[in-house]
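Below is one structure, written out as structure tokens; comments come after it.
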Amino acid sequence: MTIRTIRPNRGQHYRPRMHCLQKIEAHMVEMQDPKSGLKGAEQKLNVTTIPHVITGQDIIAWLLNKMKVTQEEAEAYGTMLVAYGYIYPLQNHRKLVMCNDGSLYRFQTPYFWPTQKWVAEDCDYAIYLAKRNIRKKGVLEPFEQEHYTHLHTWLNHKWDFIVMQATEQYKAGKERKKPDRVVLDCQERAYWIVNRPPVRFCNDSRKPFFFQNIFYQQAIMRSKVKSSVSLGALVKFVNTYKNHDPFLAPCLPSNPWVTDNDTYWTLNIRRVDQCTKMRVERWSFSFFELLSDQRGRDDFKSFLKKEFSGENLAFWEAAEELKWGSAAAIATKAAVIFKTFLAPGAPRWINIDGRTMGLTVKGLDHPHRYVLDGAQTHVFLLMKKVRPTAERGPLKTAERGPLKDR
Amino acid sequence: AAAQSRPSALQSGESLATLKNESDSLKKKLEEERAKLHDVELNQVAEKVELVSALSIRTRRVLKGHGNKVLCMDWCKDKRRLVSSSQDGKVIVWDGYTLNKEHAVTMPCTWVMACAYAPSGCAVACGGLDNKCSVYPLSLDKNENLAAKKKSVAMHTNYLSGCSFTNSDMQLLTSSGDGTCALWDVESGQLLQSFHGHTADVLSLNLAPSETGNTFVSGGCDKKANVWDMLPCASVSCRLYDLRADREVAVYQKDSIIFGASSVDFSLSGRLLFAGYNDYTINVWDVLKGNRISVLFGHENRVSCVKVSPDGTSFASASWDTSLRIWA
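In structure tokens form, the structure reads like this:
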């Protein structure tokens, strides 16, 4: 058996990517500068004449000159520009690469640039496909047809709206001049090729090796520890929890399944007057344990309130709610969290370092469920430091009571 | 996720031979790195650990009511309720402690292969050969028809083999025979993330308990277990993989065990591994020492699913003999 760890395509990568995209944008603007940029020409494609067409070799030559890099680097960067959708190919529109020859390209309109605020929604894609379907039946490619069928099923409740929008857009398109319409169609098509690429791999037998090599490289670079360390940690964990494992040590007063007496459960509900000694001991194993037990969290919250630092736990809980909540609520929750915890002068302002605060606030421009991860980790560690003080105080009094080990 | 956002950077000049060579040398380098970390065996580290004293685990409850093979079950966070799904198309919610059947839903498609209890205890998710995973909110009103409030959330292009809620009722993780795993937003049915990495059917998935709650493992027919960042498939041996040292550290098998294990779960401390087998038994393994501690008999057909209860006081097993058993 092999175990492979695959890098997540989570929002965590979202922020750094946005930063480099802004650099690319600057280049794109320069590239289209009337004086120092590239000069496009009219090109006849099928029956229509398309304006502002440039060749791959011209683009690469410009990059070579502007960025003072090697030929290979310029070609690679050129391909990036196509892959991210800043430049699109006119011929062979599905292959998102920059060819260093007479292949024809156009600059994508800024409306469709990746740095724009709106995310490529399934609903928009459905409208786009429906619109193309209206124009001419059977024009969708097989992978688009698959997407269309899938969307038709799970977006069925919205289908009337989708068809209506598609019809509106189709009508509006008909009223445009033909060259404008062709250009817009190319732009839109390019946008969707980037955001909804065909999933099927091409018949390149090198591809599996290519991806396998990337996997191996990532596996080599991933930080690892010696077996003695990791297995030592496993043994330590098992030893720590052994008295809390009902299969290894009796739970008190008895295991409900064995004796048909459920006192063990009633003694460990959230709002019991006195917590059992075992329960409090378990909280001491890790901060994660304390927070995972709702009662532990309650007691910790009371402690923090007395110390006037309750905002940290409140923020942590709000961040959890954002992370695990519904997608539709993300933007609203993010706004509330910003107003309550992060804005200058906020009522429950959390005291985190300037860099984390800056990155978090910036990330909130495009909120996604992992946008608060950095701040949340920071706050988690802050609370962790405070925990030993808490344990010496209120959490310890919990264990004094009539319940003792028999 | 790997293929979709990465542009094709494969140079036309790179030949198959070059890539193969690179692959071989990288693989060799990876093995060398791993070997450097291989400084001790699990049984050496576990030498000083006390042996586990004899366990007296017995069936404490038998849940009867399904009409056909029970393929999956899941515990509720309240430590006593569970949901089970069967090939007869029925999904039943039980109070395991009192043996009460609290809810029953008949699915339109009979083969229900996976089910899960929502963390709040207010809903269950299930699916199978209908290629979907649907969520049913549980009503307090016994007379209410649960099927009416059903919500289709996940859509795959092949059968649903596993499902699990993440830390809340709002997100659902699914695995499918189409070779992918996916994360869904329950409210809107939107696909949040899809995980492509298996080359064959994905048979099971399990979320890792952790501070961030962002990892899960999936096991598939391609004999690979993938660990994703956002345990086992049916094989004859159960294996323990050390993720930090990046290698396999233990294999739990005996010559006398011929049939494959379909499902495993750890006891609360991680010392015991409960594994359900196709020879109708459940084996209890000592994770650290590597030996089998006991064999549990009782089921009259294959054991399809094994899960330890949330507080570790018992574990439940589901079987093709149409029953579920709770052991402690």
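Chains X and F supply the protein sequences, listed in that same order. Its first residue numbered 1, the first sequence is counted upward by one per residue in full-length UniProt numbering. Its first residue numbered 1, the second sequence is counted upward by one per residue in full-length UniProt numbering. Glycine residues also receive a C-beta, built at the ideal position from the N, C-alpha and C atoms.
- prompt: Taking residue 311/X as the reference, which of 298/X, 379/X and 178/X has the closest Cα?
  reply: Stepping through the first sequence from its first residue, residue 311/X is reached at position 311. When only C-alpha atoms are compared, the closest one is 379/X.
field: Sequence-distant residues of the same chain with beta carbon closer than 7 angstroms to residue 43/F, five excluded per side
entry: Looking up residue 43/F in the second sequence gives position 43. If we look at residue 43/F and ignore the five residues flanking it on each side, its Cβ neighbours are 289 and 290.
query: Closer than 7 angstroms, CB to CB, is residue 313/F near chain X or not?
result: Position 313 of the second sequence, counted from the first residue, corresponds to residue 313/F. True, the Cβ-Cβ gap to chain X drops below 7 angstroms.
message: Contact between the segment 101 to 111 of chain X and the segment 127 to 134 of chain X is defined here as three or more beta-carbon pairs at a separation below 8 angstroms; is this criterion met?
response: no
message: Is it buried or exposed, residue 358/X, if we count other Cβ atoms within 10 angstroms and call 16 or more buried?
response: Here residue 358/X refers to the residue found at position 358 when the first sequence is read from its first residue. Looking at its Cβ environment, which holds fewer than 16 other Cβ atoms inside 10 Å, residue 358/X is exposed.
query: Apart from the five residues on each side of it in sequence, which residues of its chain come closer than 8 angstroms, Cβ to Cβ, to residue 248/X?
result: Your numbering for residue 248/X matches position 248 in the first sequence. Closer than 8 angstroms at Cβ, skipping near neighbours: 242.
query: Under the rule that 16 or more other beta-carbon atoms within 10 Å means buried, what is residue 336/X, buried or exposed?
result: Within the first sequence, residue 336/X is the residue found at index 336, counting from 1. Counting Cβ neighbours within 10 Å, residue 336/X comes out exposed, since fewer than 16 surround it.
query: Using 8 angstroms as the Cβ pair cut-off and three pairs as the minimum, do the segment 294 to 305 of chain F and the segment 58 to 72 of chain F touch?
result: yes
- request: Would you verify that the beta carbon of residue 291/F is, or is not, closer than 7 angstroms to some beta carbon of chain X?
  value: The sequence position of residue 291/F within the second sequence is 291, counting from 1. Look at residue 291/F: its C-beta is not under 7 angstroms from any C-beta on chain X.
task: Only counting runs of 4 or more residues, tell me where the alpha helix (DSSP H) segments fall wholly within the segment 140 to 222 of chain X, in order along the chain.
output: 142 to 154, 159 to 174, 178 to 195 and 207 to 221
field: Touch test, the segment 124 to 141 of chain F against the segment 160 to 177 of chain F, Cβ-Cβ under 8 angstroms, three pairs minimum
entry: yes
- prompt: If we count the other Cβ atoms within 10 Å of its Cβ and call it buried at 16 or more, is residue 231/F buried or exposed?
  reply: In the second sequence, the residue the question calls residue 231/F occupies position 231. Interpretation of residue 231/F is limited by its pLDDT of 29, a score under 50 that renders its predicted location unreliable; the figure taken from the coordinates is listed afterwards. Per the 10 Å Cβ criterion, buried.
- request: With distances taken Cα to Cα, identify the nearest neighbour of residue 127/X among 92/X, 51/X, 209/X and 152/X.
  value: Within the first sequence, numbered from 1, the residue matching residue 127/X stands at position 127. It is 152/X whose Cα lies nearest to the Cα of residue 127/X.
field: CB contact flag (residue 304/F, residue 262/F, <7 angstroms)
entry: Taking the second sequence and counting its residues from 1, the one referred to as residue 304/F is at position 304. Taking the second sequence and counting its residues from 1, the one referred to as residue 262/F is at position 262. Cβ atoms of residue 304/F and residue 262/F: closer than 7 angstroms.
message: Beta-carbon within less than 8 angstroms of residue 55/X's beta-carbon, same chain only, minus the 5 sequence neighbours each way: which residues are those?
response: In the first sequence, the residue the question calls residue 55/X occupies position 55. Once the five neighbours on either side are set aside, the close Cβ partners of residue 55/X are 101, 102, 103, 104 and 105.
task: Could you say if the segment 69 to 81 of chain X and the segment 171 to 182 of chain X meet the contact criterion of at least three C-beta pairs nearer than 8 angstroms?
output: Proximity of the segment 69 to 81 of chain X to the segment 171 to 182 of chain X falls short of the contact definition, fewer than three beta-carbon pairs being nearer than 8 angstroms.
message: Which same chain residues end up closer than 6 angstroms to residue 301/X when comparing Cβ atoms and leaving out the 5 residues on each side of it in sequence?
response: Locating residue 301/X in the first sequence gives position 301, where the first residue counts as 1. The residues are 313.
field: residue 263/F: contacting residues in chain X (beta-carbon distance under 9 angstroms)
entry: Position 263 of the second sequence, counting from 1, holds the residue named residue 263/F. Under the 9 angstroms cutoff, chain X gives no residues; its nearest Cβ is about 16 angstroms from residue 263/F.
task: Could you tell me the distance, in whole angstroms, from the CA atom of residue 350/X to the CA atom of residue 386/X?
output: For the purposes of this step, residue 350/X is identified with residue 350 of the first sequence, where counting begins at 1. For the purposes of this step, residue 386/X is identified with residue 386 of the first sequence, where counting begins at 1. Rounded to whole angstroms, residue 350/X to residue 386/X spans 15 angstroms at the Cα level.
- request: Please state whether DSSP places residue 128/X in a helix, a strand or coil.
  value: Taking the first sequence and counting its residues from 1, the one referred to as residue 128/X is at position 128. The answer is helix: DSSP assigns residue 128/X an H, G or I state.
field: Euclidean distance between Cα positions of residue 307/F and residue 368/X
entry: Here residue 307/F refers to the residue found at position 307 when the second sequence is read from its first residue. Here residue 368/X refers to the residue found at position 368 when the first sequence is read from its first residue. Each residue's Cα considered, the two are about 33 angstroms apart.
message: With a threshold of 7 angstroms between beta-carbons, can residue 190/F be considered close to chain X, or not?
response: Here residue 190/F refers to the residue found at position 190 when the second sequence is read from its first residue. The Cβ of residue 190/F sits closer than 7 angstroms to at least one Cβ of chain X.
- prompt: Which bits of chain F does residue 428/X rub up against, with CB to CB less than 7 angstroms?
  reply: Because chain X spans 1 through 406 in this model, residue 428/X falls outside it and cannot be assessed.
field: Three-state class that DSSP yields for residue 184/F in the structure shown
entry: Residue 184/F sits at position 184 when you count from the first residue of the second sequence. Three-state DSSP puts residue 184/F in a strand.
query: Hey, which unbroken runs of the alpha helix (DSSP H) at 4 residues or more fall wholly within the segment 233 to 289 of chain F?
result: none
- prompt: Where does residue 71/X sit, in a helix, a strand or coil, going by DSSP?
  reply: Numbered from its first residue, the first sequence carries residue 71/X at position 71. Three-state DSSP puts residue 71/X in a helix.
- request: Would you mind reading off the limits of the alpha helix (DSSP H) that contains residue 259/X?
  value: The residue given as residue 259/X occupies position 259 in the first sequence. Its alpha helix (DSSP H) spans residues 256 to 259.
message: Using only the alpha-carbon positions, how far apart do residue 234/F and residue 175/F sit?
response: Here residue 234/F refers to the residue found at position 234 when the second sequence is read from its first residue. Here residue 175/F refers to the residue found at position 175 when the second sequence is read from its first residue. Bear in mind that the predicted position of residue 234/F carries a pLDDT of just 43, short of 50, making it unreliable; the figure below should be weighed with that in mind. Their Cα atoms are separated by approximately 15 angstroms.
query: Residues of chain F with CB under 9 angstroms from residue 220/X, in chain order?
result: Looking up residue 220/X in the first sequence gives position 220. Within chain F, the residues near residue 220/X are 26, 29, 30 and 33.
task: For my contact list, residue 230/X and residue 245/F are in at a C-beta cut-off of 8 angstroms; report their separation, rounded to the angstrom.
output: Sequence index remark: in the first sequence, residue 230/X carries index 230 (1-based). Sequence index remark: in the second sequence, residue 245/F carries index 245 (1-based). Contact flag correct, Cβ pair sits at about 5 angstroms.
message: For residue 273/X and residue 319/X, I'd like the C-alpha separation in whole angstroms.
response: One-based indexing of the first sequence puts residue 273/X at position 273. One-based indexing of the first sequence puts residue 319/X at position 319. So the alpha carbons of these two residues sit roughly 29 angstroms apart.
query: Is the CB of residue 64/X under 7 angstroms away from at least one CB in chain F?
result: Here residue 64/X refers to the residue found at position 64 of the first sequence. No, because no Cβ of chain F sits closer than 7 angstroms to the Cβ of residue 64/X.
task: May I have the straight-line CA-CA distance separating residue 344/X from residue 354/X, to the nearest angstrom?
output: By one-based count along the first sequence, residue 344/X stands at place 344. By one-based count along the first sequence, residue 354/X stands at place 354. Here the alpha carbon of residue 344/X sits roughly 12 angstroms from the alpha carbon of residue 354/X.
message: Can you check which of these residues, 261/X, 209/X, 270/X and 291/X, is closest to residue 14/F by C-alpha distance?
response: Within the second sequence, residue 14/F is the residue found at index 14, counting from 1. Ranking 261/X, 209/X, 270/X and 291/X by Cα distance to residue 14/F puts 209/X first.
- request: Flag residue 181/X as yes if its beta-carbon sits less than 7 angstroms from any beta-carbon of chain F, otherwise no.
  value: For the purposes of this step, residue 181/X is taken as the residue at position 181 of the first sequence. False, the Cβ-Cβ gap to chain F never drops below 7 angstroms.
- request: From the DSSP output, in three-state form, read off residue 79/F for me.
  value: What you label residue 79/F is simply residue 79 of the second sequence in a count that begins at 1. Residue 79/F falls in the coil class under three-state DSSP.
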